[in-house]
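S.K.: Residue numbers (the working numbering): 643 to 755.
Ideal placement from N, C-alpha and C gives every residue a C-beta, glycine not left out.
(1) Which same chain residues, not among the five before or five after residue 655, have their C-beta less than 6 Å away from its C-beta?
(2) Answer yes or no: does any C-beta atom of chain C fall closer than 9 Å to that of residue 682?
(3) So which of 681, 666, 744, 700 has the shortest CA-CA distance to residue 652?
(4) Just reading off the beta strand (DSSP E) that residue 647 is part of, what are its end residues?
(5) Can you tell which of 646, 663, 736 has the C-alpha that lies nearest to the C-alpha of residue 730?
(6) Assuming contact is defined by CB atoms lying nearer than 9 Å, are residue 648 and residue 703 in contact in what I supplied?
(7) Skipping 5 residues on each side, what residues in its chain have a beta carbon closer than 7 Å to that of residue 724?
(8) Residue 741 to residue 657, Cα distance in whole Å?
(9) If residue 716 sits next to residue 643, beta carbons under 8 Å apart, how far is it from one beta carbon to the other, in whole angstroms?
(10) Note down, in chain order, each residue of its chain lying with its Cβ closer than 6 Å to the Cβ of residue 690, except the 5 sequence neighbours on either side.
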């Protein structure tokens with residue numbers, strides 16, 4: 643049950659969202675998750691600063707997941723997220739932060755797992 647939320651400094655087209663979502667679904671396998679439980683969110687036009695500068699292309703990605711994965715898998719996932727955003731949106735890889743939030747408490751359908 644991952645939720646991958648992307649805050650991005652510019653606009654994202656509907657086609658780009660679909661492409662990113664599809665590639666995030668594939669990438670989720672790197673942390674042992676499937677698309678069956680994947681939720682993806684996009685926040686566009688965010689005012690983001692990095693190294694004191696407001697960048698035209700910058701992203702902050704939060705990966706929340708039920709359970710956890712290994713440091714090695716998180717490393718692979720980070721590399722893939724950076725590749726995806728670079729390929730589709732042209733975001734330089736050094737302008738992407740990725741935060742992981744594993745949890746043992748996850749609710750769905752009126753209850754918790």
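M.R.: Working from what's here:
(1) Closer than 6 Å at the Cβ level, and outside the excluded window around residue 655, lies no residue.
(2) Among the protein chains of the structure shown there is no chain C, as only one such chain exists.
(3) The shortest C-alpha separation from residue 652 is found at 700.
(4) Element bounds for residue 647: 645-650.
(5) Of the listed residues, the one whose Cα sits closest to residue 730 is 663.
(6) Taking 9 Å as the Cβ cut-off, residue 648 and residue 703 qualify as a contacting pair.
(7) Spatial neighbours of residue 724 in its own chain (CB-CB distance under 7 Å, excluding positions within 5 residues in sequence) are listed in chain order as 735, 738.
(8) C-alpha of residue 741 to C-alpha of residue 657: approximately 25 Å in a straight line.
(9) About 16 Å separates the beta carbon of residue 716 from that of residue 643, a gap too long to meet the 8 Å contact definition.
(10) Contacts found: 651, 700.
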